[in-house]
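A.B. asks:
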Amino acid sequence: MAIKNEADDAYFSRCPRERVLAQTLDEAFNITFGARHTQYAFWLAAPHDHTKERFGLSHEVLVMYSTHAKNDARILTAIDNIASTPAYKHRIEKLLVLLIHESSGEELPPLLHKQVDWMIVPFSATGLLNPQRGSFYIRGAISRQLSSVDLFGVSSPLKSDKHFFGRENIVQDILARSITGRENTGLFGLRKTGKTSVLYALRRRLSDSKVIAEYFDCQNPGVHSIRWWQVLHNIAVRIIDRLKATRKGVSEVSEFTQQNAGTKFSSLMQSLLNHYDVENIIVILDEIEWITPKVSGRLSTHWDVDFVPFWQAIRATHQETEGGFTFVVSGVNPSCVETPHFDNISNPIFQLAAPRYLPPMSAATVRELVRTVGQYSGLEFEEEVYPYLQSTYGGHPYLIRVACSEVWQGCDTGNPEKKETVSIKHYIRARDTIRVRMTKPIKDILLPLIWWYPEEYDLLHILATGDGVFLDEYLRTKPESMAQIYRYGVLKEGSREFAIQGLSEFLIENGKEYKEEISPFFRGDMPPELLPEIPDIETLGNLFKKRTELEIKLRKAIALYFGVKFNWDDNQVANVIIAGLHKRADRPEPKELFVGRAPNLVLNELFTKDLKDIILHNWDSFGQLFGNSKTRFEMNMDAINVARRVDAHTKPITPEKAQAFENSYNWMLSHLAHVPDLR
82 MAIKNEADDA
92 YFSRCPRERV
102 LAQTLDEAFN
112 ITFGARHTQY
122 AFWLAAPHDH
132 TKERFGLSHE
142 VLVMYSTHAK
152 NDARILTAID
162 NIASTPAYKH
172 RIEKLLVLLI
182 HESSGEELPP
192 LLHKQVDWMI
202 VPFSATGLLN
212 PQRGSFYIRG
222 AISRQLSSVD
232 LFGVSSPLKS
242 DKHFFGRENI
252 VQDILARSIT
262 GRENTGLFGL
272 RKTGKTSVLY
282 ALRRRLSDSK
292 VIAEYFDCQN
302 PGVHSIRWWQ
312 VLHNIAVRII
322 DRLKATRKGV
332 SEVSEFTQQN
342 AGTKFSSLMQ
352 SLLNHYDVEN
362 IIVILDEIEW
372 ITPKVSGRLS
382 THWDVDFVPF
392 WQAIRATHQE
402 TEGGFTFVVS
412 GVNPSCVETP
422 HFDNISNPIF
432 QLAAPRYLPP
442 MSAATVRELV
452 RTVGQYSGLE
462 FEEEVYPYLQ
472 STYGGHPYLI
482 RVACSEVWQG
492 CDTGNPEKKE
502 TVSIKHYIRA
512 RDTIRVRMTK
522 PIKDILLPLI
532 WWYPEEYDLL
542 HILATGDGVF
552 LDEYLRTKPE
562 SMAQIYRYGV
572 LKEGSREFAI
582 QGLSEFLIEN
592 GKEYKEEISP
602 FFRGDMPPEL
612 LPEIPDIETL
622 GNLFKKRTEL
632 EIKLRKAIAL
642 YFGVKFNWDD
652 NQVANVIIAG
662 LHKRADRPEP
672 KELFVGRAPN
682 LVLNELFTKD
692 LKDIILHNWD
702 SFGQLFGNSK
712 TRFEMNMDAI
722 NVARRVDAHT
732 KPITPEKAQA
742 FENSYNWMLS
752 HLAHVPDLR
């Protein structure tokens, strides 16, 4: 039976073409329902027992049917709309969709490749109706599609519930604190532990409620590079934009100033809560380090000053709305809520959002994650694998996924009849490739410790290398030194055993070198491999000295020539110099340089390029001095300016440019020697 009687009577009996095609799925499915959505038909297919077992299916599979000669992104929109409809969203599989089409199919590979939320297996109507297609046609196609994608290799934060495992209790706890308790929350942990995925899940849980939850990534320059009142304005605009999509009469947000931002923001939040059927407003600030004093990058140093007024405004809004407005902060470094003072000024949110550290995944959660993804991927894991993974990788979800990804790549998962069984031996055999692939994420885990907890990093290195005696002596005098390490889950609770096996191995082999590589640089700086070449300071010093010598001679030449020409009239000399100077961002009006100042004082402040511009503008006066060779004068002045002192005064100089400078220096010096009193 391919079509259930109820479905046939209600729908398929009126759609003969669809009825014929639906019956071709009986190799793997029974069709239980049929309907239309806009220009597409869709069916629900209940998998047979062997199909359930092979592909790990526990719900019905959505089947789309398109009669279009060419399919486009509208089919993806239709899938999302159907899957989110209350009548179907708990009934269908989260990942797998079958697409039956009447087109040539040429347009489908690039279309399906672009989306990441669904595993869509396409079938042409012609192929399904082919009597020679074989008895594994449906299951073979599904197997090939699923085995072509590394489902364990997901590295970005999870924006849907399809791969979200083991953190739902944390999401619900934050929801309860924010909505019921009207309290603020801090969520912290090592990199790649799933913090951002939790925040995305929090926002999804509130999507159909009267609670507005807006997420902001502080690593975005649109947050960390602007001033505190501008960030408040951006938050307000985002919240208003959300409201305008569902409510009428919501006004635009006027600009905030430094003086009125705090009061305007609080008044606006109170107005939204009181007049627009909004029960709570939650602002989520991820990567909070980027706007935290002393730990933000060099690109964000203004937050050393802006942090206090920004959070004073947020705290006041929280209090004035009686907790209707709350915030969630998240990141690696919790100093924003744990430090009582910044530069002798009270931290407005000290202890206002108790920091919670994301715990490692338990063995049961690891089992749920690995088993579920493995079923889709054609793998069946022996039970002993799950505690092994939890113990070896400390319950770190990303590291566990990386290890499983490496094992998956070495397995044959294309068999449509059965899954491949994975044991601990598979991980032992893949140990070397796993170790290589782990290097980057392990560096990511250790990097914040080098940045913000260098003492703890050194203690970890000592522990890894086995110097327990020194560590014991040190901890007797400073027993609190390892507290943050335990909070992060780097060590197993109550012991000195590394929770993540690869960490100790990396520290032993590369720990010292990695710290030396990273330590001179700060968050926000370029990675060491991208830093500019270190210049030859001695060579640059000689060039600067010679360029300065020429500048002095050029200034004196200009003063002498203009002085003689205008009978030493300061006003006329000033006017002719002004005419030769170009406007710059730091000098919008050159004439302002001469307000209350003599020309000789202004000349002393002009750069090589300025002197060049003045001479070129008055070439009729200076041409003979430089052999009437205007082009050669420009060329030599440009060569000399390689040792400029404005925006790149320590730029490395190649040997070729250094030689060109010497040639130009000698040429200029020989011509300036003809000026009286300059020898």
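The opening residue of the sequence shown carries number 82 in my numbering; numbering runs sequentially from there.
Built from N, CA and C at the ideal position, the CB exists for glycine as well.
Give me the Cβ distance between L256 and L283, rounded to the nearest whole Å; I'm assuming they're in contact under 8 Å.
C.D. replies: Between L283 and L256 the Cβ distance is about 7 Å, and since that is below 8 Å, they are a contact.
A.B. asks: Report all residues from its chain with a CB closer than 6 Å to the CB of H314; omit the five preceding and five following residues, and keep chain order.
C.D. replies: Contacts found: F337.
A.B. asks: With DSSP collapsed to three states, give me the class of W199.
C.D. replies: Here W199 sits in coil by DSSP.
A.B. asks: Quick check: the Cα distance between G270 and T398, rounded to an integer number of angstroms?
C.D. replies: One C-alpha to the other measures close to 27 Å.
A.B. asks: For G455, which of E264, T494 and L692 has the nearest alpha-carbon?
C.D. replies: Checking every option, the nearest Cα to that of G455 belongs to T494.
A.B. asks: Take the Cβ of A762 as the centre, count every other Cβ of all protein chains shown within 10 Å, and call the residue buried at 16 or more, exposed below.
C.D. replies: Since the displayed the chain opens at 82 and closes at 760, residue 762 lies outside it and no answer follows.
A.B. asks: Alpha carbon to alpha carbon, what distance is there between E141 and P779?
C.D. replies: Since the first residue shown for the chain is 82 and the last is 760, residue 779 is missing from the structure and cannot be characterised.
A.B. asks: Nearest to A567 by CA position, among A168, R437 and L588, is which residue?
C.D. replies: Correcting the residue identity first, residue 567 is Tyr in this sequence and not Ala. Comparing Cα positions, the closest option is R437.
A.B. asks: Mind reading off the beta-carbon distance from V769 to F462? Whole number of angstroms is fine, and I expect it under 8 Å.
C.D. replies: No answer is possible for residue 769: the residues shown for the chain start at 82 and end at 760.
A.B. asks: Kindly indicate which three-state DSSP category M718 falls into: helix, strand or coil?
C.D. replies: Note: M718 maps to helix in three-state DSSP.
A.B. asks: Out of I639, R518, A638 and F643, which has the shortest C-alpha to C-alpha gap to F587?
C.D. replies: Ranking I639, R518, A638 and F643 by Cα distance to F587 puts R518 first.
A.B. asks: Where in the region 424 to 487 do unbroken runs of the alpha helix (DSSP H), each at least 4 residues long, occur, reported from the N-terminal end onward?
C.D. replies: For the region 424 to 487, whole alpha helix (DSSP H) runs of length 4 or above, ordered along the chain, are 444 to 458 and 466 to 473.
A.B. asks: Please say whether N361 and T407 have beta carbons closer to each other than 8 Å?
C.D. replies: Cβ atoms of T407 and N361: closer than 8 Å.
A.B. asks: From the DSSP output, which residues share a beta bridge with Y146?
C.D. replies: Bridge partners of Y146: A122 and I181.
A.B. asks: Can you tell me where the alpha helix (DSSP H) holding I523 begins and where it ends?
C.D. replies: Element bounds for I523: R512 to W533.
A.B. asks: Helix or strand or just coil, what does DSSP make of I589?
C.D. replies: The answer is helix: DSSP assigns I589 an H, G or I state.
A.B. asks: With D650 as the anchor, note down where its beta strand (DSSP E) starts and where it stops.
C.D. replies: Looking at the DSSP string, D650 is not in any beta strand (DSSP E), and its letter there is neither H nor E.
A.B. asks: Identify whether A545 lies in helix, strand or coil by the three-state DSSP scheme.
C.D. replies: Helix.
A.B. asks: Should A103 and A83 be called a contact, given that it needs their Cβ atoms to be closer than 8 Å?
C.D. replies: Contact flag set, yes.
A.B. asks: DSSP on T75, reduced to helix/strand/coil?
C.D. replies: For residue 75 there is no data in the structure shown, the boundaries of the chain being 82 and 760.
A.B. asks: Helix or strand or just coil, what does DSSP make of E670?
C.D. replies: It is coil, neither helix nor strand.
A.B. asks: Pull up the distance between the alpha-carbon of V645 and that of F688, whole angstroms please.
C.D. replies: When rounded, the distance between both Cα atoms is 23 Å.
A.B. asks: Please state the DSSP three-state secondary structure of T731.
C.D. replies: Low confidence applies to T731: its pLDDT is 49, below 50, so where it sits in the model is not reliable, and the reading given next is rough at best. If DSSP states are grouped into helix, strand and coil, T731 belongs with coil.
A.B. asks: On the DSSP letters alone, give me the boundaries of the beta strand (DSSP E) that Y762 sits inside.
C.D. replies: Lying before the first or after the last residue shown, residue 762 is absent from the chain, which here runs from 82 to 760.
A.B. asks: From the DSSP output, read off the bridge partner residues of R117.
C.D. replies: DSSP output for R117 lists A122 as bridge partner(s).
A.B. asks: Taking the alpha carbon of P441 as the point to measure from, which residue in Y474, Q432, N414 and V410 has its own alpha carbon closest?
C.D. replies: Nearest C-alpha to P441: Y474.
A.B. asks: If you run the structure through DSSP and keep just helix, strand and coil, what is S411?
C.D. replies: Looking at S411 - three-state DSSP - the assignment turns out to be strand.
A.B. asks: Taking all protein chains shown into account, decide if G262 is buried (16 or more other Cβ within 10 angstroms of its Cβ) or exposed.
C.D. replies: The residue is exposed, with fewer than 16 neighbouring Cβ atoms inside 10 Å.
A.B. asks: Spatial neighbours of Q471 within its chain, please: CB distance less than 6 Å, with the 5 preceding and 5 following residues excluded, ordered by chain position.
C.D. replies: Result list for Q471: A444 and V447, in chain order.
A.B. asks: With DSSP collapsed to three states, give me the class of I639.
C.D. replies: If DSSP states are grouped into helix, strand and coil, I639 belongs with the helices.
A.B. asks: Is V756 helix, strand or coil by DSSP?
C.D. replies: It is coil, neither helix nor strand.
A.B. asks: For E401, which residues in the same chain have their Cβ closer than 6 Å to its Cβ, ignoring the five residues on either side in sequence?
C.D. replies: Once the five neighbours on either side are set aside, the close Cβ partners of E401 are S347.
A.B. asks: Nearest to E630 by CA position, among G491, N685, E673 and E715, is which residue?
C.D. replies: Taking only the C-alpha atoms, the option nearest E630 is N685.
A.B. asks: By how many angstroms is the C-alpha of L706 removed from the C-alpha of S751?
C.D. replies: For S751 and L706, the distance between alpha carbons rounds to 10 Å.
A.B. asks: Since N162 and H182 should fall inside the 8 Å C-beta cutoff, what is the C-beta to C-beta distance between them, to a whole number of angstroms?
C.D. replies: Rounded, the Cβ-Cβ distance is 18 Å, inconsistent with contact.
A.B. asks: Once the 5 residues before and after D231 are set aside, which same chain residues still bring their CB inside 6 Å of it?
C.D. replies: The residues are S486.
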